[in-house]
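Chains as they are written, first to last, in our numbering: chain P, 16 to 256; chain E, 1185 to 1787. Even for Gly, the Cβ is constructed at its ideal location relative to N, Cα and C.
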């Protein structure tokens, strides 16, 4: 079962970061370096901390001078694979409109990459996994791959994590071919990949998933549940009368 | 930590004074002509004095008496009198004399209150609020209302120790509420770089920290820290005694004025962060605030309603529609119950408007995550937004209806930063190619969530007809590619799960994934198996309504007078007196009972 408490406060978050995320020090522009370092730590280690990254974007929102497009792009890459949480849109929410700075030394890479990142996010959100992979592998996404996701340890696996979560809920059994197109793995590798998850593959290549609360639909009749608060008026009245 | 923020605030407040001082000198400079400097200055002073005297004599006597009385009530810390003056007197006189013009300026009425600077700050607070709500604030009003707010908060936060002032809770809420409203109003006005006069452009270029996000947050955080409201709430939850709590919260926190300002500032943060598009932080700052009818903030209805509106809205932006629905149902039912008491309140209109926006948001949530939480609210929504609701339940073609309701019901989003007023070239670029407005940006993000689950309603209507069917057959019905449809089924599955907060979980961000739909399914290779949960018939509402109705009928029968029984009565005159003294059914219940039933006994 997905729980929001790890999302709101991942166990890997250090006390220093926790104080920044939860205290007033999050507004102090001098702390942006600490949070940016923590982001790059996440990029290297497969850890993820949405709220800490949002704190960076908050500082950028209030202090446009701090803006660092590479950091923003890395935050968005991390947020891309956080389904079912809406992290990607939460990050975009904080990116206020900015006027391009013509005096900057280097051109800002974000305006060119943002549409691609957004398309990738939409494809994942719509569970169009094969389309995701073909866009991701396409020439359009070349600079994203070569300059950013290549540095992000475990990025492709975290996309596969999104796939696994979607498949787990919806399927009892699924064909290897289909799953391999979702995971962007060869059929042979799929077998190995899913066996690690405790899924089984039969001779015909059909993969069976263990039961979980989401892939066992049952028909029920929901009976109404009367709360005491609904009856307070009547009970009060009979007390008074 | 607290100290630093306070000293930041100090600096800013000093900045304000400095700006004002420079500004005044500058203005004089325009009219000054070296040779006649003194004469001109004297003349100006005399003219100003005469103008003020004229303005003073133009103030109606009843207004003068009101101000003197109001001032005395504030001096006495007489909450009852202040409340009457604040809630009733001010509004009545506004209707009578100042419906379309400003109240007299603070300088004009200063002689009436012995030039009491604190009262004049409070007076200006009301003066500017009236300008914002009834008239069009010009740039001077906007700057001066900021300065006045700073002076007020400076007085409260940076005097030697806590101030002795006491104000009604409603007023304290209105101070915070209005502070944020004026901030938001300024940001919206500031963001429209077109149609600004040269003078306005100049003032905006030099505006510095005036109405900056940092300055507004500084005020709210300083009030929270000064009042130790978080420590206070934690101590309450741990069940500490009053003495222990008083020790914890210190000399500021024990005073109702600081405690409530601290509390309302938390709600203020919820609102400011929502306006800036930071929905997680908005909910995070509410940590420790209990959302229930017993919470202290529910004593001020406007605060109660605002809180739930923003919490519900943030949940929508976090795609937690079931949490949003629960939040709206709770407050909308409260408003329905309270309606009878609030029709006379001057805030009734505002509360009604917010309620109507919440009905629209409820319609949005219910279209995205159908639920049958509350039939009563659902019925009102169908009455008001039935047409849009029908469209929204149809997927892609309902997008314009989502758009319409979202724009109507969303908060007035703002940009954190001003257009580059200090850079003429950049500003010209911006005016030629205006950026997307914040509300449109957030609408776009929300619609991307809506679009992602657009195929769900159609799929749902087909699945409802079967208990199991072949995926290729379903694809045929839908006239879609089988693989594409399987992917849509996964979307449908995800849309039928939502992170939701259970009763008693700590923060508003906490929660677990729960199923939110009555229709569930699983794909077994190429077969789709469907299971539908049905809701048993509901009786409770019907019985509760009718029991209450029966009780009302019973009460009115019990309270009405008995018909006279002339034939058996030995003393007809006495009976007539009893009858005539029996009150009409509208009289108070207790006395009515005594008389009517007492009459029977004597017979």
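- Item | Beta carbon proximity, residue 99 of chain P to chain E, threshold 8 Å | Closer than 8 Å to some Cβ of chain E, the Cβ of residue 99 of chain P qualifies, so yes.
- Query: Along chain P, which residues have their Cβ under 7 Å away from the Cβ of residue 1695 of chain E?
  - Reply: What residue 1695 of chain E touches in chain P: 19.
- Task: Sort out for me which residues DSSP pairs residue 190 of chain P with in a bridge.
- Result: P:221
- Could you check which residue in P:62, P:68, P:248 and P:193 has the C-alpha nearest to that of residue 167 of chain P? It is P:62.
- Spell out the partners DSSP gives residue 1718 of chain E in its beta bridges. Residue pairing from DSSP places residue 1718 of chain E in a beta bridge opposite P:236.
- Item | Complete runs of the alpha helix (DSSP H) confined to the region 47–123 of chain P [at least 4 residues] | 47–60, 65–77, 84–95 and 102–109
- Inter-residue CB distance, residue 1643 of chain E and residue 1676 of chain E (contact presumed, cutoff 8 Å): About 5 Å separates the beta carbon of residue 1643 of chain E from that of residue 1676 of chain E, a gap short enough to meet the 8 Å contact definition.
- Message: Rounding to the nearest angstrom, what Cα-Cα distance links residue 1721 of chain E and residue 244 of chain P in this structure?
- Response: 20 Å
- Query: Taking the beta strand (DSSP E) that residue 1681 of chain E falls in, what are its first and last residues?
  - Reply: 1681–1684
- How would you call residue 1757 of chain E, buried or exposed, if buried means at least 16 neighbouring beta carbons within 10 angstroms? Summary for residue 1757 of chain E: the model assigns pLDDT 49, below 50, so the residue's position carries little reliability; its value from the coordinates is reported in the next sentence. Counting Cβ neighbours within 10 Å, residue 1757 of chain E comes out exposed, since fewer than 16 surround it.
- Output the distance between the C-alpha atoms of residue 1381 of chain E and residue 1305 of chain E, rounded to the nearest integer angstrom. 29 Å
- Alpha carbon of residue 1290 of chain E to alpha carbon of residue 1568 of chain E, nearest angstrom: Whole-angstrom Cα-Cα distance: 45 Å.
- Locate the alpha helix (DSSP H) running through residue 1375 of chain E, then write down its first and last residues. 1353–1375
- Item | residue 92 of chain P versus residue 164 of chain P - alpha carbon distance | Their backbone Cα atoms lie some 7 Å apart in a straight line.
- Taking buried to mean at least 16 other C-beta atoms within 10 Å of its own C-beta, is residue 1760 of chain E buried or exposed? Below a pLDDT of 50, predicted positions are generally treated as unreliable, and residue 1760 of chain E, at 46, falls in that range; the measurement from the model is reported next regardless. Residue 1760 of chain E sits exposed, since fewer than 16 C-beta atoms from the chains shown fall within 10 Å of its C-beta.
- Count the other CB atoms, across all protein chains shown, that sit within 10 Å of the CB of residue 103 of chain P; report buried if there are 16 or more and exposed otherwise. buried
- Message: Quick check on residue 1523 of chain E: buried or exposed, where buried means 16 or more other Cβ atoms within 10 Å of its Cβ?
- Response: exposed
- Considering only the beta carbon of each residue, do residue 1394 of chain E and residue 1330 of chain E sit closer than 8 Å? yes
- Message: Tell me which residue opens and which closes the beta strand (DSSP E) that residue 1706 of chain E is part of.
- Response: 1703–1708
- Complete runs of the alpha helix (DSSP H) confined to the region 118–191 of chain P [at least 4 residues]: 125–140, 144–152 and 170–185
- Item | residue 1548 of chain E beta carbon less than 8 Å from that of residue 1490 of chain E | Between residue 1490 of chain E and residue 1548 of chain E, the C-beta gap is not smaller than 8 Å, which leaves the two residues out of contact.
- Please report the residue range of the alpha helix (DSSP H) in which residue 1413 of chain E lies. Bounds of the alpha helix (DSSP H) holding residue 1413 of chain E are 1413–1421.
- Task: Give the straight-line distance between the Cα atoms of residue 1135 of chain E and residue 1246 of chain E, rounded to the nearest whole angstrom.
- Result: Nothing about residue 1135 of chain E can be read from this structure; chain E reaches only from 1185 to 1787.
- Message: My output table needs one value for residue 243 of chain P: the three-state DSSP class, helix, strand or coil.
- Response: Taken through DSSP and simplified to helix, strand or coil, residue 243 of chain P comes out as helix.
- Query: Just by C-beta distance, which residues in the region 1502–1516 of chain E are closer than 7 Å to chain P?
  - Reply: Hits within the stretch, in order: 1502 and 1503.
- When DSSP labels each residue in this structure, what does residue 1484 of chain E get in the three-state scheme? Residue 1484 of chain E: coil per DSSP, three-state reduction.
- Is there at least one Cβ from chain E nearer than 8 Å to residue 111 of chain P's Cβ? Closer than 8 Å to some Cβ of chain E, the Cβ of residue 111 of chain P qualifies, so yes.
- At a cut-off of 7 Å, is residue 76 of chain P close to the ligand NAD when judged by its beta-carbon and the heavy atoms of the ligand? Among the components of this structure there are no ligands whatsoever, and the ligand NAD is therefore not found.
- residue 1257 of chain E to residue 1244 of chain E, Cα distance in whole Å? Those two C-alpha atoms are separated by around 20 Å.
- residue 64 of chain P and residue 25 of chain P: beta carbons closer than 8 Å? Contact flag set, yes.
- Query: At least one CB of chain P closer than 8 Å to the CB of residue 1482 of chain E: is that the case?
  - Reply: By this cut-off, residue 1482 of chain E is not an interface position.
- Query: Which value, in whole angstroms, describes the spacing of the CA atoms of residue 1259 of chain E and residue 1232 of chain E?
  - Reply: 29 Å
- Item | 8 Å Cβ cut-off: residues of chain E touching residue 184 of chain P | 1674, 1677, 1678 and 1681
- Given 8 Å, three or more beta-carbon pairs between the region 1304–1320 of chain E and the region 1391–1407 of chain E: no
- Return the residue from the list E:1328, E:1727 and E:1345 that minimises the CA-CA distance to residue 1410 of chain E. E:1345
- Message: Could you check whether residue 145 of chain P and residue 197 of chain P sit closer than 8 Å to each other, using their CB atoms as the reference points?
- Response: yes
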